[in-house]
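Colleague: Residue numbers (my numbering): 299 to 928. Even glycine gets a Cβ: it sits at the ideal position worked out from N, Cα and C.
Spelled out as structure tokens, the structure:
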């Protein structure tokens, strides 16, 4: 039985992979200087980017949540892959042939591999696309044509047709070597009295990951005698498809979203098609579920959503009551974005697809161009529910509007919004301000109906004991940190000049542990021609904190305003050694002060000689520091 992947093949994959290419499929990366790139972390919510990728070393690290590692670690974390699956995926992508040991532990997971599920979807997507041209798909083609989509549009979006024969896809998959277990695990085949296709007699849209891999389908009813009443069916939850984590069209839109810092959220597959064909190529849609927190996280990674870029998210809603309710729900989740949120409502409540059919491509572009701030749309709808000709209704409208204004994310704009509310309701500005302040105070009050926690009324708890491990960012350890960054990031520049460095030169226990890992991996010399050297250093750690620090040091920019050459490296190494010499000098001086020169003459004279030698060594190091460009 085949065993684990050979180490030399793993090294070959690691050397071939461009981590920035892989990560860019999930996160918009921008140049951060010093050979580093940064973006919003995909592993936790953050307002400013702290996720760094260093292509030259094949490492990533988030300085917010401390996740870090190489490309395999990234894929394991973000897609839930095993190590073997991550290696196999990259081997397939970069054309590396993998070999496995003939004996030993087989590290492949039991059950269908992710790669096989993705391959099954690729085969299914091609099969469905070909079926769209058959006579049985006439109604499906008519459906598309009536909405302004020709054959070229269908091919661009990968639209297909599932034959009404309930086993057509299953027979095709079986003929291509896929097992029933793989078809079922992929969500393409189901098991009743026999195996049958999940989608039959429907128009199909492939739902793809950001890298273009198809992982599911959205299916629309075409025939009136379809026994399943639901107009739309979507792939169920599988190992590769989570509906709350996917956005239809993101594979086509992600680059434009990153370039324009704008995303347009529409409600259906045909709306995405209409927007893209009309020139609004930043449009995406959810897949059979409301827009939620996980969708926002996906989108923010590509928007590079932070304050400096002034990104914007435009939601399209129908103008009817359901659309207004959707806008209110979206406003309540507005905190998910740093970007400004807008709403675009077409005349007569048309969606983008209907608008394109009736008024053309320019009307779709105009719809997005004339977007309105989401808060204003919601505020007008809330106030519009009240009869403002009645005094009591004006009070109710003011209170409802004030609650919305008080919840606005950007507090610097509250006063301006209160002014708009006053004009809408027809009250004076001070009355509106007062009501907004009361609404804000009520929002900040604890829930009076909830029993108070007994612990909250008792004596405050004892403060947590301080950690015995000093802060890694403490300036006292700055030279240690910078030296280790140089060793990990520029082992060629370090060369053999680090031969005089030892673990005693590092006073912080974590930095000392990192150096010991470096030494165990063969030292900087071993890393000069080994693309996987930093990964081997990191893999040697048994303490997660040390492992995290290795990845951080491997990607953190070096604050150098000059070339990182032998002189620059020597300057840091000499400063590190000087600090060690100074600590040693202090220790010897302290012992000398505690030693009686009469009673312990020999020991006193030995320490005195040691002190003189240390002072001379320190002066020599100081001269070298000056000579190296201090």
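(1) To test your reading of the DSSP string, which unbroken alpha helix (DSSP H) runs of 4 or more residues are found completely within the stretch 657 to 729?
(2) Give me whichever residues DSSP pairs with residue 532 in a beta bridge.
(3) How would you write the range of the beta strand (DSSP E) that residue 339 sits in, first residue to last?
(4) On the three-state DSSP scale, how would you describe residue 376?
(5) Can you list, in chain order, the residues of its chain with a C-beta nearer than 7 Å to that of residue 438? Leave out the 5 residues immediately preceding and following it.
(6) Once DSSP output is grouped into helix, strand and coil, what is the label at residue 579?
(7) Can you tell which of 533, 728 and 496 has its C-alpha closest to the C-alpha of residue 696?
(8) Looking at residue 704 and residue 738, is the spacing between their C-beta atoms short of 7 Å?
(9) State the Cα-Cα distance for the pair residue 720 and residue 670, rounded to the nearest angstrom.
(10) Return the chain-ordered list of same chain residues with a C-beta closer than 8 Å to the C-beta of residue 627, the five sequence neighbours on each side being excluded.
(11) Using the Cα positions of residue 914 and residue 822, report the straight-line distance between them to the nearest angstrom.
(12) The alpha helix (DSSP H) spanning residue 903 covers which residue range?
(13) Please state whether DSSP places residue 364 in a helix, a strand or coil.
(14) According to DSSP, simplified to helix, strand and coil, what is residue 756?
(15) Within 10 angstroms of its Cβ, does residue 308 collect 16 or more other Cβ (buried), or is it exposed?
(16) Spatial neighbours of residue 568 within its chain, please: C-beta separation below 7 Å, excluding the five flanking residues on both sides.
(17) CB of residue 703 to nearest heavy atom of the ligand GTP: below 6 Å?
(18) Examine chain B for any beta-carbon lying closer than 7 Å to the beta-carbon of residue 443, and answer yes or no.
(19) Looking at C-alpha atoms only, which residue of 477, 327 and 312 is the closest neighbour of residue 395?
(20) Would you check if there are 3 or more beta carbon pairs closer than 8 Å linking the stretch 846 to 862 to the stretch 876 to 885?
(21) In whole angstroms, give me the CA-to-CA distance for residue 455 and residue 419.
(22) Please report how far the alpha carbon of residue 370 lies from the alpha carbon of residue 871, in whole angstroms.
(23) For residue 263, report the span of its alpha helix (DSSP H) as first-last.
(24) Taking its Cβ as the centre, do 16 or more other Cβ atoms sit within 10 Å of residue 557, making it buried, or is it exposed?
(25) Checking 7 Å against the spacing of the C-beta atoms, do residue 580 and residue 562 come in under that value?
(26) Do you know how far the Cα of residue 833 is from the Cα of residue 385?
(27) Please go through the same chain and pick out, in chain order, the residues whose beta-carbon is closer than 7 Å to the beta-carbon of residue 426, but skip the five residues on each side of it.
(28) Could you check where the alpha helix (DSSP H) with residue 588 kicks off and where it finishes?
(29) To the nearest angstrom, how far is it from the Cα of residue 609 to the Cα of residue 505?
(30) Give the straight-line distance between the Cα atoms of residue 663 and residue 443, rounded to the nearest whole angstrom.
(31) How about residue 667 and residue 653: do their beta carbons lie closer than 7 Å?
(32) Suppose you measure from the CA of residue 576 to the CA of residue 655; what does that come to, to the nearest Å?
(33) Restricting to Cα atoms, I'd like to know which of 474, 908 and 642 is closest to residue 888.
(34) I need the DSSP call for residue 509, collapsed to helix, strand or coil.
(35) In this structure, how does DSSP classify residue 742 when only helix, strand and coil are distinguished?
(36) Decide if residue 571 is buried, meaning its Cβ has at least 16 other Cβ atoms within 10 Å, or exposed.
Modeller: Quick look at the numbers:
(1) Taken in chain order, the whole alpha helix (DSSP H) runs of length 4 or more contained in the stretch 657 to 729 are 659 to 667, 672 to 681, 689 to 704 and 712 to 723.
(2) Mapped onto the chain shown, residue 532 falls at position 234. The partner list for residue 532 (beta bridge, DSSP) reads 516.
(3) Position 41 of the chain shown, counted from the first residue, corresponds to residue 339. Residue 339: not part of any beta strand (DSSP E); DSSP gives it neither H nor E.
(4) Reading the chain shown from its first residue, position 78 is the one you call residue 376. Look at residue 376 here: in three-state DSSP terms it is helix.
(5) The residue labelled residue 438 in the question sits at position 140 within the chain shown. Listed in chain order, the non-local C-beta contacts of residue 438 below 7 Å within the same chain comprise 430, 459, 501 and 520, local neighbours out to five positions each way being set aside.
(6) Your numbering for residue 579 matches position 281 in the chain shown. DSSP places residue 579 in the coil class of the three-state scheme, outside both helix and strand.
(7) Within the chain shown, the letter at position 398 stands for residue 696. The option with the nearest alpha carbon to residue 696 is 728.
(8) Along the chain shown, one-based indexing puts residue 738 at 440. Along the chain shown, one-based indexing puts residue 704 at 406. In this structure, residue 738 lies near residue 704, with their beta-carbon atoms less than 7 Å apart.
(9) Counting from one through the chain shown, the residue named residue 720 turns up at place 422. Counting from one through the chain shown, the residue named residue 670 turns up at place 372. Separation of residue 720 and residue 670 (C-alpha to C-alpha, rounded to the nearest whole angstrom) is 19 Å.
(10) Within the chain shown, residue 627 is the residue found at index 329, counting from 1. Within the same chain, residue 627 has close Cβ partners 588.
(11) Locating residue 914 in the chain shown gives position 616, where the first residue counts as 1. Locating residue 822 in the chain shown gives position 524, where the first residue counts as 1. Rounded to the nearest whole angstrom, the C-alpha separation of residue 914 and residue 822 is 28 Å.
(12) The residue you call residue 903 lines up with position 605 of the chain shown. Segment 899 to 925, the alpha helix (DSSP H) holding residue 903.
(13) For this step, residue 364 is matched to residue 66 along the chain shown. Correct three-state label for residue 364: coil.
(14) Within the chain shown, residue 756 is the residue found at index 458, counting from 1. At residue 756 the pLDDT is 35, less than 50, meaning the model places this residue with poor confidence and gives no usable figure here.
(15) Indexing the chain shown from 1 puts residue 308 at position 10. With 16 or more Cβ atoms within 10 Å of its Cβ, residue 308 is classed as buried.
(16) Within the chain shown, the letter at position 270 stands for residue 568. Around residue 568: 445 and 651.
(17) The ligand content of the structure shown is nil, which means the ligand GTP is not present either.
(18) No chain B appears in this structure, which consists of one protein chain only.
(19) In the chain shown, the residue the question calls residue 395 occupies position 97. Distances from the CA of residue 395 to each of 477, 327 and 312 were compared; the closest alpha carbon is that of 312.
(20) Short answer: they don't touch.
(21) Residue 455 sits at position 157 when you count from the first residue of the chain shown. Residue 419 sits at position 121 when you count from the first residue of the chain shown. Between residue 455 and residue 419, the C-alpha separation is close to 15 Å.
(22) Counting from 1 along the chain shown, the entry for residue 370 is found at position 72. Counting from 1 along the chain shown, the entry for residue 871 is found at position 573. In this structure, the straight-line span from the alpha carbon of residue 370 to that of residue 871 is close to 32 Å.
(23) This structure leaves residue 263 out entirely; the chain is present only between 299 and 928.
(24) Translated into the one-based positions of the chain shown, residue 557 becomes position 259. Exposed.
(25) Numbered from 1 along the chain shown, position 282 holds the residue referred to as residue 580. Numbered from 1 along the chain shown, position 264 holds the residue referred to as residue 562. Annotated as proximal: residue 580 and residue 562, with beta-carbon spacing under 7 Å.
(26) The sequence position of residue 385 within the chain shown is 87, counting from 1. The sequence position of residue 833 within the chain shown is 535, counting from 1. Rounded to whole angstroms, residue 385 to residue 833 spans 14 Å at the Cα level.
(27) Residue numbering aside, residue 426 sits at position 128 when the chain shown is read from its first letter. Non-local beta-carbon contacts of residue 426 in its own chain, meaning distances under 7 Å to residues more than five positions away in sequence, involve 458, 459, 460 and 502 in chain order.
(28) Position 290 of the chain shown, counted from the first residue, corresponds to residue 588. Taken as a continuous stretch (DSSP letters only), residue 588 belongs to no alpha helix (DSSP H), as it is neither H nor E.
(29) Position 311 of the chain shown, counting from 1, holds the residue named residue 609. Position 207 of the chain shown, counting from 1, holds the residue named residue 505. C-alpha separation (whole angstroms): 25 Å.
(30) Counting from one through the chain shown, the residue named residue 663 turns up at place 365. Counting from one through the chain shown, the residue named residue 443 turns up at place 145. One C-alpha to the other measures close to 21 Å.
(31) If you number the chain shown from 1, residue 667 lands on position 369. If you number the chain shown from 1, residue 653 lands on position 355. Contact: no.
(32) Counted from its first residue, the chain shown places residue 576 at position 278. Counted from its first residue, the chain shown places residue 655 at position 357. Taking the straight line from one Cα to the other gives about 11 Å.
(33) The residue you call residue 888 lines up with position 590 of the chain shown. When each option's Cα is compared against that of residue 888, the closest is 908.
(34) Here residue 509 corresponds to residue number 211 of the chain shown, with the count starting at 1. In the structure shown, the three-state DSSP call for residue 509 is coil.
(35) As a first step, residue 742 is located in the chain shown; it is residue number 444 there, counting from the start. DSSP places residue 742 within a helical segment (H, G or I) once states are collapsed to three.
(36) Taking the first residue of the chain shown as 1, we reach residue 571 at position 273. Per the 10 Å Cβ criterion, buried.
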